[in-house]
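Residue numbers (the numbering used here): 3 to 253. Note that beta-carbon positions come from the ideal geometry of N, C-alpha and C, so glycine has one too.
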């Protein structure tokens, strides 16, 4: 925002930031008031949202902001090296993800665990392959909870995970939010491909994200609520399938 990049968003996208300034070692960000989303996203709304994201990606194609985070840092949000750095911080999410890594084999299964570790161990090659597909400006966390359709635009909030990478990473991440949709996660993949996502790049992006999502989700199986655990088990199963489906693309 300070560098003016959010003012260069295409007409189909918007932002709600009105002020940002350093505060106590971090940042204070003020946004205009937006109505809360009250219902799950329908498929037509997903298409409109993906179209706006494609406009964002086209506007910054091969010219992402220099201040954008690296693709490796975005993909590695829940990888061991990141979790080790955050171990003594105040954020509880990395601590939960680290507990998930400790239970990866028994909870996700040995085959899935082996593929997860393969992605992380060969992450440099995975990131290089994805970057070779072309990079642009990604919001990084454009799920329905961070977006709102308003006056024909997708208004995007919470740009904390904004990064440079191929568009397929943005689309693949949306599959992690089935609980916010009226349809299964597979529809996200179908709509991404229908909108022009390159199938091999999308599959590799799903695999790279799965290597963080699956271990992090394993910690959710500690919840006492059976309904919650069932949702987590379904999430682990879906992402395990996506990861296995890209095994032929892994270096």
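Of the listed residues the options, nearest to residue i (C-alpha basis)
| i | options | result |
| --- | --- | --- |
| residue 238 | 128, 180 and 10 | 180 |
| residue 67 | 6, 99, 176 and 114 | 6 |
| residue 69 | 141, 212 and 154 | 141 |
| residue 34 | 159, 250, 252 and 222 | 159 |
| residue 44 | 183, 246, 236 and 144 | 183 |
| residue 52 | 161, 201, 130 and 145 | 145 |
| residue 31 | 233, 126 and 19 | 19 |
| residue 148 | 175, 168 and 123 | 175 |
Cα-Cα separation, residue i to residue j
| i | j | result |
| --- | --- | --- |
| residue 197 | residue 26 | 42 angstroms |
| residue 206 | residue 132 | 7 angstroms |
| residue 3 | residue 15 | 14 angstroms |
| residue 213 | residue 36 | 33 angstroms |
| residue 42 | residue 155 | 18 angstroms |
| residue 172 | residue 228 | 31 angstroms |
| residue 251 | residue 219 | 23 angstroms |
| residue 108 | residue 9 | 48 angstroms |
Classification of residue i by the beta-carbon crowding that lies within 10 angstroms, buried from 16 upward
| i | result |
| --- | --- |
| residue 92 | exposed |
| residue 225 | exposed |
| residue 116 | exposed |
| residue 59 | buried |
| residue 134 | exposed |
| residue 177 | buried |
| residue 112 | exposed |
Cβ neighbours of residue i in the same chain (closer than 8 angstroms, five flanking residues each side left out)
| i | result |
| --- | --- |
| residue 57 | 12, 13, 14 and 15 |
| residue 64 | 136, 137 and 138 |
| residue 217 | 80, 99, 102, 103, 106, 110 and 118 |
| residue 29 | 22 and 23 |
Own chain residues within Cβ distance below 7 angstroms of residue i, not counting five before or after
| i | result |
| --- | --- |
| residue 88 | 96 |
| residue 254 | As shown, the chain starts at 3 and ends at 253. That puts residue 254 outside it, with no answer to give. |
Residues near residue i in its chain [Cβ-Cβ closer than 6 angstroms; skip 5 each side]
| i | result |
| --- | --- |
| residue 185 | 45 |
| residue 74 | 129 |
| residue 77 | 210 |
| residue 71 | 165 |
Identified DSSP bridge partners for residue i
| i | result |
| --- | --- |
| residue 183 | 43 |
| residue 23 | 30 |
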